[in-house]
Amino acid sequence: MKNKHTPPAFRKVVLLFRICAVFLLGAGSLFAQETANSETDYIDHGDEEVVDLPVFEVKSTQGGGYVSHHAMSGFRSRKELLDIPQAITVVPRDLIDDIGQFRNEVDIVKYAAAGISSEHKGNQPHMRGFRSNVILEDGVWDNTFNNGDSANVDAYEVLRGPAAVLYGGRPTLAGIIVRNTKKPTMNAAYMVRGIVGSENFYRGEFDATGPLSESLFGSSAKLSYRVVAGIQRDEGFPTGNKDDREMIFPTLQLEFPDTVFRLQGEISEQRTAGVELGFFDNNFMGSLYIGSDKGQNQLWKEKWSEATFTRKKIRLDVEHRFNDQWNLHVVAYRNIHDRRDFDIRPAGNPNFTTMTWAQNYFHNGSNANLSVFSADLVGKYELFGLSHESFFGLNADRLSIDGFRSTYPLGTISLVNPAFNRAKPVLPANVNDSTSDNIGDNGHVSYSHTLNLIDKKLSLVAGFGRNYVNNRSYNLVNPGPPTFEQTVRETTFRLGAVYRPVRSVSFFVNNSSTFLPQTNQDYLGNFLASTEGEVVDVGVKFNTADERIVGSITYFDLTASNIRVQDFDHPGFWLASGKQNNKGLEIELAVVPFENAQIIATYYKGDIKDVDTGLRLNNSVNDTWSLVGKYDFKNGPLAGLTLGGSAYHQGYRLQGGALGWPGWTVVNAFASYRVSASLQFSLNVENLDDKLYSPGGFNVSGYASMGAPRNAKLTATYRF
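Residue numbers for the sequence shown follow our numbering, beginning at 462 and rising by one.
Structure representation (C-alpha cells):
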C-alpha cells in the first residue's frame, strides 16, 4: 500500500534506486559467465572506462564514418555516450553528406535518430509524439524561424526527454536537437562543392580553415580562422516552392595554453514561396488532390508570393582551463532575425461543389532580437576516495519580437484550371509599421553532480535547476503599460544512473523534468499553472570492442500534466487539469556486417494519448523507422566507388477525428566515386518509386506539405 503522505520527490528517488537495483542484479546475472580473463582485461583498462576528450580539442566528425562515440555539447560534456544516463544520438558529418538533404535539418536528423518526424515545412520536428521546435546551436538556444542549413554543421545531436536542468525553460517536453558548428583548426584545409539537381536546383559551398599565426606577436598564442559560405537556387517541389539561400559563417579563434577565445558570425538569407498549400481530395481523407497539375506545381499561388528570412549573428565563446580538474565556458550571443511574409494563404477550405478556393493575401513581419549569456563551470575531482564531477550552469536570455500582421481578401482560384494572374496588392504606406512588441526574459541556474562508484562501473547523477520566466507584451500603436505580463518560477530535477559491467555495455536509467509556461487564464483571471513534463527512461547501450555493433534500446514513459482543458462551467476559460502520456520503445543500431560496409537502423513505437479519455492525441505519429546503408569499394577495379541507399517510414499522423495523413515510406539511393584524394563525385536520387505523399502540415484541408517527387542531385567536391 502506498503511503499518501510520502513526499513525491522521495518516492521518485526510491523508485529510481529500485530500478537501479534491478539493473545491477540483472546485469550481474547476465555477465556472470564471462571469463576471468575478460573481466581482468576490463579492470586493467580502468583508466579508459570514462573517456573525456580534452576541453580544447577541436575534432571534426568528418571522415569518421557513421558512428560517433562522444557527446559533442548536448550534455555540457564530451563524455562517451555509454556514460550518459539518457538517450542521445550523434549524427556525424559523413552521414549528413551521404543523406544529401537540403530542405531542412529535420529531414537529415530523422534518418539517424529514432522517432523524429516532420510537422510541416521548416525545423518543426516531433519527438516522442510531442512537438519539439527548439534548436540549440553549440549548446545555446538558437532563435531560427526558417529551415536551417547544414553547410556550417559538423554534427547534430538529439537529446530525448526533458532537459530543463541543463537548458532551462526553453527545452520542450520530448527533447531537443543540437546543431554543432564547424570550428577553426591549425591544419590548413579547403573545400569547394558544386551541386546540380532536378527542378533547376543549383548550390555552391565553400569551406576554408587554417592558421593565421602560430605565435601571435611572439607569444604562445595561436590564431586560426574558418570561413564557410554557400549559395542556393532552387525552384523546388512543386515547381513554385522555391528555396533560395545565401549564407556566410566567418570564425576567428585565438588559443592560449589554458584559454581559447572564439568569435563566430553569420549573415544569411532564405527566400521561399511561403507556406505550402497542398490539400487532400474532397473528403480530406484520401490522398493529395491532383486535379490540376498546374495548381499543384505552382503551389496554388502566384509566383510573387514569398517569405523572406534574414539573420545576423555574432557569438563570443571563452573557454578557460583553471587546472586539470576545472574548466569554465562562457558564451555571449546576439542574434537578429527578421521575417517578412508576402504570402498567399487560404481563406477557408477548398470548395469541391464550385471547384474554387477562396484565398487571402497575408502580409506579416517580425523583427526578433535575441541576446544570450551563458556560463558553465565543470570540475572533476577525487573526494573521500571517490571520483566526482560537478556542473554549475547559469543562463540568461532576452527575446524581443516586434511585428505586424494584416490580411486582405484576394478572391478565388479555380481548382480545375487556375489562372494565377492576380496582381500583388498595393498596400497602405504604414503597413510595415510594427503594432506590438513581445519580450521574453529567461533566467536559469542549475547544479548537477555525478558520483562514480565500484571502480567507476557505476555512476549516479543528480541535479536540479531553478528557472525564471517573464513574458510581456506592449501595444506600439497606443503606448502604455504592458497589455500582457506573466511571471513564472519553476524548479526542475534530473536523476540518473549508469552501470557498465563490462566496457562494451552500459545500462542506464533517467528521471528528469521540464516545464512550459501557459498563457491561458482561468475564470478568476489567473494564469494556468505551467505544463509539467516528466520522463522515466530505462535502457541499454552497447559498443563491441571492435566497434562492429553499436546501438541502444530505450523504453520511455513520458507524462505531461497540467494540460489546458476547457472550463465548461465558465465558457471561454480554461483549467490546467489535463494529462497526456506516451509510453514507447526506441531502438538505434549501427552495424559493420563486414569490412567496408556500414548500416544504420532506427525504430520507434509510441502510444501517445490523453490519460483521462484514452484517445490518441491530435497531430501525433506513433511509429517510424529508418534505414541507411553503404558499401565502400577499397580495392580492385571499383576502388573509390561507394554505393548506398536509405529509407524512411512515417506511420499514420492523426490530425483529429477521422482526418489525418496516411503513413508513407520513401526509398532513396546514393553513390559516390573518389577520383583522387582531392576530387569526389556523388549522385543522390530521392523517392525512387516517385511516390505521391504528404509528410505533414497544419491540416489536410489547405496546409498539407507535399513530399518531393523523384529527383536527383549531382555533387562535385574538391578538397585541397
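Even for Gly, the Cβ is constructed at its ideal location relative to N, Cα and C.
Next item on the list: Note down, one range per segment and in chain order, each beta strand (DSSP E) of at least 3 residues found wholly within the region 614-662.
Entry: 614-621, 636-642, 650-658
Checklist line | P870 versus W818, S729, L620, A1058, residue with shortest Cα-Cα distance | finding: W818
Check: So is T911 buried or exposed if we call it buried at 16+ other beta carbons inside 10 Å?
Finding: buried
Notebook entry, point to check: What are the complete beta strand (DSSP E) segments, minimum 3 residues, inside the region 1074-1113?
Noted result: 1084-1093, 1102-1111
Check: For G994, which of helix, strand or coil comes out of DSSP?
Finding: strand
Check: Along the chain, where does the alpha helix (DSSP H) that runs through R554 open and close?
Finding: 554-560
Next item on the list: Taking 8 Å as the cut-off, decide whether the C-beta atoms of N594 and L860 are in contact.
Entry: With respect to L860, N594 sits apart: the two C-beta atoms are not nearer than 8 Å.
Next item on the list: Identify, in the order they occur along the chain, each residue of the same chain with its Cβ nearer than 6 Å to the Cβ of T1103, setting aside the five sequence neighbours on each side.
Entry: K1091, D1093, S1133
Next item on the list: Let me know the secondary structure DSSP gives V1136 once reduced to three states.
Entry: If DSSP states are grouped into helix, strand and coil, V1136 belongs with coil.
Notebook entry, point to check: Is the beta carbon of K1164 sitting closer than 8 Å to the one on V736?
Noted result: Sequence inspection shows Tyr at residue 1164; the Lys mentioned does not correspond to that position. Taking 8 Å as the Cβ cut-off, Y1164 and V736 qualify as a contacting pair.
Item checked: Complete beta strand (DSSP E) runs within the region 747-801 (minimum length 3 residues, chain order) -> 767-782
Next item on the list: Return the first residue and the last residue of the alpha helix (DSSP H) that V688 is part of.
Entry: Per DSSP, V688 belongs to no alpha helix (DSSP H); it is in the beta strand (DSSP E), 683-694.
Checklist line | Identity of the residues DSSP links to F852 by a beta bridge | finding: V839, S909
Notebook entry, point to check: Quick one: Cα of Q820 to Cα of P886, how far?
Noted result: Rounded to the nearest whole angstrom, the CA to CA distance from Q820 to P886 is 13 Å.
Item checked: Residues near F1034 by beta carbon distance below 7 Å, same chain, minus five either side -> Taken in chain order, the residues that qualify are Q982, D983, Y984, D1028.
Checklist line | Residue span of the beta strand (DSSP E) that contains V1161, given as start and end | finding: From DSSP, V1161 is part of no beta strand (DSSP E); its letter is neither H nor E.
Item checked: First and last residue of the uninterrupted alpha helix (DSSP H) at V567 -> First-last of the alpha helix (DSSP H) with V567: 567-570.
Next item on the list: Could you check the C-alpha separation between M652 and T1178 for me, to the nearest Å?
Entry: Cα-Cα distance, rounded: 7 Å.
Next item on the list: Could you check what DSSP says for G679 in three-state terms: helix, strand or coil?
Entry: helix
Next item on the list: Determine, using beta carbons only, whether K773 and I709 come nearer to each other than 8 Å.
Entry: Cβ distance not < 8 Å, so K773 and I709 don't count as in contact.
Next item on the list: Measure the alpha-carbon distance for V963 versus L919 and round it to whole angstroms.
Entry: 11 Å
Next item on the list: Quick one: measure Cβ to Cβ for V614 and I577, integer angstroms, because I've assumed they're closer than 8 Å.
Entry: So it is not a contact: roughly 16 Å between Cβ atoms.
Margin query: If you measure between the beta carbons of Y617 and V570, is that distance less than 8 Å?
Written below: yes
Notebook entry, point to check: With 16 as the cutoff for other CB atoms within 10 Å, does A424 come out buried or exposed?
Noted result: What is shown of the chain runs 462 to 1181, which leaves residue 424 out entirely.
Item checked: Contact set for Q1111: own chain, Cβ-Cβ below 7 Å, skip 5 residues either direction -> S578, V1082, T1085, G1124, W1125, P1156
Next item on the list: Report yes or no: do three or more beta-carbon pairs, one from the region 847-854 and one from the region 868-883, lie closer than 8 Å?
Entry: The region 847-854 is not in contact with the region 868-883.
Check: Exposed or buried, what is F845 when buried is set at 16 or more other beta-carbons lying within 10 Å of its beta-carbon?
Finding: exposed
Margin query: I'd like the span of the beta strand (DSSP E) that includes E598, first residue to last.
Written below: Element bounds for E598: 596-598.
Item checked: Residue from S1139, R1171, M1167 whose Cα sits closest to the Cα of V1128 -> R1171
Next item on the list: Count the other CB atoms, across all protein chains shown, that sit within 10 Å of the CB of P811; report buried if there are 16 or more and exposed otherwise.
Entry: buried
Notebook entry, point to check: In angstroms, rounded to a whole number, what distance separates the CA positions of L1175 and D610?
Noted result: Whole-angstrom Cα-Cα distance: 18 Å.
Checklist line | Extent of the continuous beta strand (DSSP E) to which E580 belongs | finding: Unbroken run through E580: none, as it is neither H nor E.
Item checked: Of the listed residues L888, E843, H849, L831, nearest to D863 (C-alpha basis) -> L831
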